[in-house]
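Student: Note that my numbering has the sequence shown beginning at 21, numbered continuously upward.
Below is one structure. I have some questions about it.
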Amino acid sequence: MAASAALLLRLRSGLRLGARGLCARLATPPPRASDQAAEIGSRAGTKAQAQGPQQQRGTEGPSYAKKVALWLAGLLGAGGTVSVVYIFGNNSVDETGAKMIIEPTSPCLLPDPLREPYYQPPYTLVLELTGVLLHPEWSLATGWRFKKRPGIETLFQQLAPLYEIVIFTSETGMTAFPLIDSVDPHGFISYRLFRDATRYMDGHHVKDISCLNRDPARVVVVDCKKEAFRLQPYNGVALRPWDGNSDDRVLLDLSAFLKTIALNSVEDVRTVLEHYALEDDPLEAFKQRQSRLEQEEQQRLAELSKSSKQNLFFGSLTSRLWPRSKQP
């Protein structure tokens, strides 16, 4: 406030000085032509001496006006710079005390879970949009376009009864809102969260699930960047970014993986996802383990069937060799 008052006082004094100089110049009468003609020749020296102060004042007037104009321009520029620094430099905190852009817009990004008689799925699935469900493509003819990943409809249809589906993207709402409408025409997605809901850390938009108002033990985050769930690393599944390949089947594998978790009524998803946290391709590791378990189960059933057949054969042979006596 003191700096602003000083700037205003200097501005007022400069304007007063400029006004005085202008009034003095207007009040000075111009030299008459008859006097100039009479003084030619013998009074040339006197005329030069008389016109000296006038020429000096005439040359000093414009130069002084230029100085005032330059001084005012510098003053206004400095004031504008101070205003910009004041407005934008201290605008990192909003009216509630939360840091804008750096922190989520609310400590509770989602409303409370539904209660009876409404149905609340037992788990929450948080999906990134770009790189997981969509792939951006650009061409000179069409500009930017987004390609839908194969298996989106199957993923939503199979998981909607088991998971509360939330799109949580690092894109802005202006960009992502129409894209979500295009990938979900049937309304399987429950909520939408955008960049302003992320926590900005070390150049990455981090999704802090502690702000989701949901039990962290039942939240699964799917993203193509591990930095997106760095605050809760055992709640996330990191997929490889989709490159637009039309033969991609990752979403189908993801659907099978998440269905297995839900149908087995896992109390804490972190105990399962922890085993895949260090895998480069968690879904491929899950498929290999599932295939190995299926082979072991088939082998166990084959041995059990073989053992039961042997017992049945020996029982039949014993009954033939030692028939029971008939009761009278």
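Don't be surprised by glycine CBs; every beta carbon is placed ideally from N, CA and C.
Since the model is a prediction, treat every value here as computed from it, not as a measurement.
Taking S190 and H225 to be in contact with their CB atoms under 8 Å, please state how far apart those CB atoms are, rounded to whole angstroms.
Tutor: Here residue 190 refers to the residue found at position 170 when the sequence shown is read from its first residue. Here residue 225 refers to the residue found at position 205 when the sequence shown is read from its first residue. That pair is a contact at about 4 Å.
Student: Using DSSP bridges, identify the partner residues of W262.
Tutor: Taking the sequence shown and counting its residues from 1, the one referred to as residue 262 is at position 242. DSSP, once it has assigned bridges, lists no residue as partnering W262.
Student: I need the DSSP call for P198, collapsed to helix, strand or coil.
Tutor: Your numbering for residue 198 matches position 178 in the sequence shown. Correct three-state label for P198: helix.
Student: I need the boundaries of the alpha helix (DSSP H) containing L175, first residue and last residue.
Tutor: Counting from one through the sequence shown, the residue named residue 175 turns up at place 155. Its alpha helix (DSSP H) spans residues 172 to 179.
Student: Would you kindly report the start and end of the unbroken alpha helix (DSSP H) that includes T280?
Tutor: Along the sequence shown, one-based indexing puts residue 280 at 260. Per DSSP, T280 belongs to the alpha helix (DSSP H) from 270 to 283.
Student: Within a Cβ cutoff of 7 Å, which residues of the same chain sit near D204, ignoring the five residues on either side of it in sequence?
Tutor: Position 184 of the sequence shown, counting from 1, holds the residue named residue 204. Closer than 7 Å at the Cβ level, and outside the excluded window around D204, lie F176.
Student: Would you kindly work out how many angstroms separate the C-alpha atoms of R219 and E323, rounded to a whole number?
Tutor: Position 199 of the sequence shown, counting from 1, holds the residue named residue 219. Position 303 of the sequence shown, counting from 1, holds the residue named residue 323. Taking the straight line joining both Cα atoms gives about 55 Å.
Student: Please state the DSSP three-state secondary structure of E8.
Tutor: Missing from the structure shown is residue 8; the chain here goes from 21 to 348 and no further.
Student: What span of residues does the beta strand (DSSP E) with L232 cover, start to end?
Tutor: Position 212 of the sequence shown holds residue 232. Run containing L232: none; DSSP gives neither H nor E here.
Student: According to DSSP, is H295 helix, strand or coil?
Tutor: Translated into positions along the sequence shown, residue 295 becomes position 275. Looking at H295 - three-state DSSP - the assignment turns out to be helix.
Student: Excluding five sequence neighbours on each side, which residues of the same chain lie with their C-beta closer than 6 Å to the C-beta of Y183?
Tutor: As a first step, residue 183 is located in the sequence shown; it is residue number 163 there, counting from the start. P141, Y143, L145, listed in sequence order.
Student: Taking its Cβ as the centre, do 16 or more other Cβ atoms sit within 10 Å of S62, making it buried, or is it exposed?
Tutor: Counting from 1 along the sequence shown, the entry for residue 62 is found at position 42. At S62, the pLDDT of 48 sits below 50, so the modelled position is not reliable; the number obtained from the coordinates is stated separately. With fewer than 16 other Cβ atoms within 10 Å, it is exposed.
Student: Can you tell me whether S328 is helix, strand or coil according to DSSP?
Tutor: Locating residue 328 in the sequence shown gives position 308, counting from the first residue. The answer is helix: DSSP assigns S328 an H, G or I state.
Student: Rounded to the nearest angstrom, how far is the Cβ of L271 from that of P124, given a contact under 8 Å?
Tutor: Within the sequence shown, residue 271 is the residue found at index 251, counting from 1. Within the sequence shown, residue 124 is the residue found at index 104, counting from 1. L271 to P124, Cβ: 27 Å. No contact.
Student: Would you please state the rounded distance, in angstroms, between the beta carbons of R212 and I200? I believe it to be under 8 Å.
Tutor: Start at 1 with the first residue of the sequence shown, and residue 212 comes out as number 192. Start at 1 with the first residue of the sequence shown, and residue 200 comes out as number 180. Confirmed, about 6 Å.
Student: Taking the alpha-carbon positions, what's the M221 to I122 distance?
Tutor: Translated into the one-based positions of the sequence shown, residue 221 becomes position 201. Translated into the one-based positions of the sequence shown, residue 122 becomes position 102. Roughly 7 Å separates the two Cα atoms.
Student: Might you give, ordered along the chain, the residues of its own chain that have their beta carbon closer than 6 Å to the beta carbon of A39, omitting 5 neighbours on each side?
Tutor: Position 19 of the sequence shown, counting from 1, holds the residue named residue 39. Interpretation of A39 is limited by its pLDDT of 49, a score under 50 that renders its predicted location unreliable; the figure taken from the coordinates is listed afterwards. Here the set comprises nothing.
Student: In chain order, what residues of the same chain lie with their CB nearer than 6 Å to the CB of P302, ignoring the 5 residues before and after it?
Tutor: Position 282 of the sequence shown, counting from 1, holds the residue named residue 302. Excluding sequence neighbours, P302 sits near V257, Y296.
Student: From which residue to which residue does the beta strand (DSSP E) around E157 run?
Tutor: Here residue 157 corresponds to residue number 137 of the sequence shown, with the count starting at 1. E157 -> beta strand (DSSP E) spans 154 to 159.
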